[in-house]
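Report on the following structure.
Numbering (the working numbering), first residue to last: 2 to 676.
So, in structure tokens, the structure goes:
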């Protein structure tokens, strides 16, 4: 038995294609059916790496009796939230407006006109069947009351975010004391025992640590810098990090980074790759470099699609058991590495009865390698060499297990985040292959997901589908500008600019100065949302505002920076109030307050001089270089080499340049700091 999800591209929808539930994909057919049959719509939203989505499918959607109730009384629509984050945003907002907890799977009941009246997340089967029967009964007997309730939620959904939060775009004065207050407020929520924010479950939240890192470097605040390094150390030692293969899981269920839900998402790994690369550049601590190289190795081995794109996610479950692929019993290890087990189990906190549930062990490091090496009478070099061997041996054995499920669709925005991470990783390690991966990725996005000037969200089986959202454009624009900085090839700046101009034409709302998440002309939804708050992925509006700021510095086009300044001005009061959820906006505040340096290098040897800037991380800086005189980017226009044709470095602020210099040290001495 199969349903109409059978023709979907999404691995998540295909997982439900053989349920007895008569699932339909979101689209005109399902919505018209609800209208013509006057039935309530059940929208169920999840994603392929979501553990509780799998549980609810097994318990409820594969159950004949449950499916019978669903098919008789509802038009059932299944949505992959990663393909349609616009619809997920709308109905997640609705459920939260109902005073209910949001999360996935997200199950929302709508009137035939798509307006929601009730919802929730995971329901055990008995409870779910009871709820379905109650709602079917209420729709039959009290349709008018449900319609009235849905109207109320529909009105609330259509309220503009800028109205809801009292935001009005416009220029505002920026003050260094306010920026210090923002950083201090965030650090006040720091977990001094385990790093990260003082809450459970624990998400890495890269945008927070990107901001604090940049703020600490620019204000020469060593204590704050240490908190960033401490956090990244704890995450990299934790069970949330795959100690054998590299790559980070989405979050840990505890406060110690110990036990994750084991899914690995591309968007987390792209952002964390960038963050660990910067941490290595600033600290020169080999630990951070190791996490960068291991994570790129995982990416190459397990996440490439063969055309230059990166797959979306790896599942938490294999053989129907969460984490089974990643964990070890003590007995198993005793057989495999009997002689090394004493120090190996000390390093990773392994216990004969298991350090996690069901008698299994998660590799979880709490002490420095140096301490363990000393305890077992080894030099650090000897210890690390042995550890490398054992990890390779165990990885080989682990690779013979049944792999977790893979979501092998390509999402343009998540690929953009990964490309940015790879470029920073190249800067940190000097590994050309990392830059090549990023370039190939962007070429793939340009060739396969850009159709008639429209970037598409998803790609699978040779075809792109679903017009892109602001998140997709914003992340790809940022990566394109970074590739321009890394290679000096103007085509990437042109690509970023053309995508930006498309966003201004299609997504920008002049009435309040912010961008819609969805393109309002692409498809009629019951609400057009604007994403303002930074979360695990920064808000598409904050990424876009930072893009506009940087693009104006490359192109000397004032219209871009004017929009960015007004967006920041509108958000400023909120940033001061709730900085933990607005850290990417806080990074823009930092870029605007401490003037962003425009570095232009022109003449023979320009690429080599550019490499010095790339290898040494400086926040608040953009760079362009060319060996010959060029007009291909405004930042390079009118810049000349020295009389012998050798490269000169121009350090400029707001398009006004200081006296050109010929070496890196002199140039960076001209960069400003936060007093």
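Don't be surprised by glycine CBs; every beta carbon is placed ideally from N, CA and C.
None of the values given here were measured: they were computed from a predicted structure.
Exposed unless 16 or more other CB atoms sit within 10 angstroms - verdict on residue i
{"i": "residue 104", "result": "exposed"}
{"i": "residue 143", "result": "exposed"}
{"i": "residue 433", "result": "exposed"}
{"i": "residue 7", "result": "exposed"}
{"i": "residue 128", "result": "exposed"}
{"i": "residue 472", "result": "buried"}
{"i": "residue 225", "result": "buried"}
{"i": "residue 464", "result": "exposed"}
{"i": "residue 382", "result": "exposed"}
{"i": "residue 12", "result": "buried"}
{"i": "residue 525", "result": "exposed"}
{"i": "residue 196", "result": "buried"}
{"i": "residue 403", "result": "exposed"}
{"i": "residue 446", "result": "buried"}
{"i": "residue 318", "result": "buried"}
{"i": "residue 243", "result": "buried"}
Beta-carbon separation (whole angstroms), residue i vs residue j, contact threshold 8 Å
{"i": "residue 554", "j": "residue 636", "result": "7 Å"}
{"i": "residue 14", "j": "residue 79", "result": "6 Å"}
{"i": "residue 280", "j": "residue 214", "result": "7 Å"}
{"i": "residue 257", "j": "residue 237", "result": "Incorrect: roughly 13 Å between the Cβ atoms, too far for contact."}
{"i": "residue 422", "j": "residue 559", "result": "Not really, about 31 Å apart at Cβ, beyond 8 Å."}
{"i": "residue 245", "j": "residue 399", "result": "6 Å"}
{"i": "residue 648", "j": "residue 605", "result": "6 Å"}
{"i": "residue 672", "j": "residue 619", "result": "6 Å"}
{"i": "residue 666", "j": "residue 428", "result": "Their Cβ separation, rounded to whole angstroms, is 18 Å, which puts residue 666 and residue 428 out of contact at 8 Å."}
{"i": "residue 270", "j": "residue 249", "result": "6 Å"}
{"i": "residue 158", "j": "residue 527", "result": "6 Å"}
{"i": "residue 678", "j": "residue 501", "result": "The displayed coordinates of the chain run from 2 to 676. Any statement about residue 678 would go beyond what the structure contains."}
{"i": "residue 454", "j": "residue 173", "result": "In fact, because the Cβ distance is near 35 Å, the residues do not count as touching under 8 Å."}
Strand pairing of residue i, partner residues [DSSP]
{"i": "residue 315", "result": "265, 407"}
{"i": "residue 327", "result": "Residue 327 is not bridged to any residue."}
{"i": "residue 653", "result": "599, 658"}
{"i": "residue 80", "result": "46"}
{"i": "residue 1", "result": "The structure shown does not extend to residue 1, since the chain is modelled only from 2 to 676, so the question has no answer here."}
{"i": "residue 252", "result": "262"}
{"i": "residue 510", "result": "515"}
{"i": "residue 468", "result": "457"}
{"i": "residue 242", "result": "249"}
{"i": "residue 627", "result": "603"}
{"i": "residue 412", "result": "459"}
{"i": "residue 483", "result": "For residue 483, which the question treats as bridged, DSSP gives no partner whatsoever."}
{"i": "residue 362", "result": "329"}
Test item: CB-CB of residue i and residue j under 9 Å
{"i": "residue 113", "j": "residue 41", "result": "yes"}
{"i": "residue 550", "j": "residue 592", "result": "yes"}
{"i": "residue 272", "j": "residue 50", "result": "no"}
{"i": "residue 344", "j": "residue 363", "result": "no"}
{"i": "residue 82", "j": "residue 91", "result": "no"}
{"i": "residue 468", "j": "residue 458", "result": "yes"}
{"i": "residue 313", "j": "residue 408", "result": "yes"}
{"i": "residue 309", "j": "residue 442", "result": "yes"}
{"i": "residue 608", "j": "residue 628", "result": "yes"}
{"i": "residue 535", "j": "residue 493", "result": "no"}
{"i": "residue 26", "j": "residue 470", "result": "no"}
{"i": "residue 538", "j": "residue 418", "result": "yes"}
{"i": "residue 101", "j": "residue 77", "result": "no"}
{"i": "residue 552", "j": "residue 624", "result": "no"}
{"i": "residue 508", "j": "residue 533", "result": "no"}
{"i": "residue 150", "j": "residue 118", "result": "yes"}
{"i": "residue 643", "j": "residue 663", "result": "yes"}
{"i": "residue 346", "j": "residue 337", "result": "no"}
{"i": "residue 512", "j": "residue 456", "result": "no"}
{"i": "residue 266", "j": "residue 415", "result": "yes"}
{"i": "residue 194", "j": "residue 230", "result": "no"}
{"i": "residue 71", "j": "residue 123", "result": "no"}
{"i": "residue 139", "j": "residue 73", "result": "no"}
{"i": "residue 674", "j": "residue 219", "result": "yes"}
Residue-chain proximity (residue i, chain B), Cβ-Cβ < 9 Å
{"i": "residue 178", "result": "Checking the listed chains, one finds no chain B in this structure; it contains a single protein chain."}
Report yes or no: do three or more beta-carbon pairs, one from the segment 245-263 and one from the segment 191-206, lie closer than 8 Å?
yes
Under 8 Å: do the segment 260-267 and the segment 319-327 share three or more Cβ pairs, one atom per stretch?
yes
Indicate whether the contact test is met: 3 or more Cβ pairs, each with one atom in the segment 510-521 and one in the segment 484-491, closer than 8 Å.
no
Looking at C-beta atoms only, is the number of pairs between the segment 176-191 and the segment 574-589 that lie closer than 8 Å three or more?
yes
Three Cβ pairs or more, each shorter than 8 Å: is that satisfied between the segment 147-158 and the segment 46-61?
no
Three Cβ pairs or more, each shorter than 8 Å: is that satisfied between the segment 91-100 and the segment 29-39?
no
The segment 58-72 in contact with the segment 12-27 per 3-pair CB rule at 8 Å
yes
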